[in-house]
Amino acid sequence: MRRIIPLICFLFVCFANLKAQSSDDDVILYKVTNYTANRENLDELALEEDIALAFLYDDEGNLCFANLWRNSDSFSHGRVYAFKKTTSQEENNNKHKSEEYLFTWKYMNSYDDETGEASVRFTRVFIGSVIKFQCEIVSIKDNSTLVLKGYLEK
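The sequence shown begins at 451 in this note's numbering and counts up one residue at a time.
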């Protein structure tokens, strides 16, 4: 219960600020179906916890990123820095169209007092009307690694 209040507050502030700035189209949600933490497969946990990744803007217009564990009402969130597109590939006979982004993420957790920085590589692959993704998050502090895969939800 103590985790639900910070999550509601965070989402309320983010979404209220988004509403003031523009439409719901500014929140991009990616449903996580495959999840690996330090090479340990946690796919079942991703589905049980209804994990999603979100890109949104704060009230100052800064791009933010969040890792949402919707069923346990916990999350990691923070501002994105040095966001850049590193590669782009057009569709051809052998490969689907793809885009890759790299950024630094300064995050804080709702479930503990921990804050940190991570290097994030986010790749989108366009297959027909579906957009799949792979996101690799590497902690700057201890090199722990998360790899999340799934599809565009909203």
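All C-beta atoms in this analysis are idealised placements derived from N, C-alpha and C, irrespective of residue type, glycine included.
Under the three-state reduction of DSSP output, residue 498 falls in the helix class. Considered as a whole, the stretch 562-597 harbours 565-577, 580-589 as its complete beta strand (DSSP E) runs of no fewer than 3 residues, in chain order. Note on geometry: alpha-carbon atoms of residue 534 and residue 558 lie some 22 angstroms from one another. Under the DSSP assignment, residue 526 falls in the beta strand (DSSP E) whose first and last residues are 524-539.
In terms of CA proximity to residue 477, 508 leads the group 595, 508, 496. In the DSSP assignment, residue 550 forms a beta bridge with 537, 573.
The Cβ atoms of residue 485 and residue 493 lie closer than 8 angstroms to each other. In the DSSP assignment, residue 545 falls outside any beta strand (DSSP E), carrying neither H nor E.
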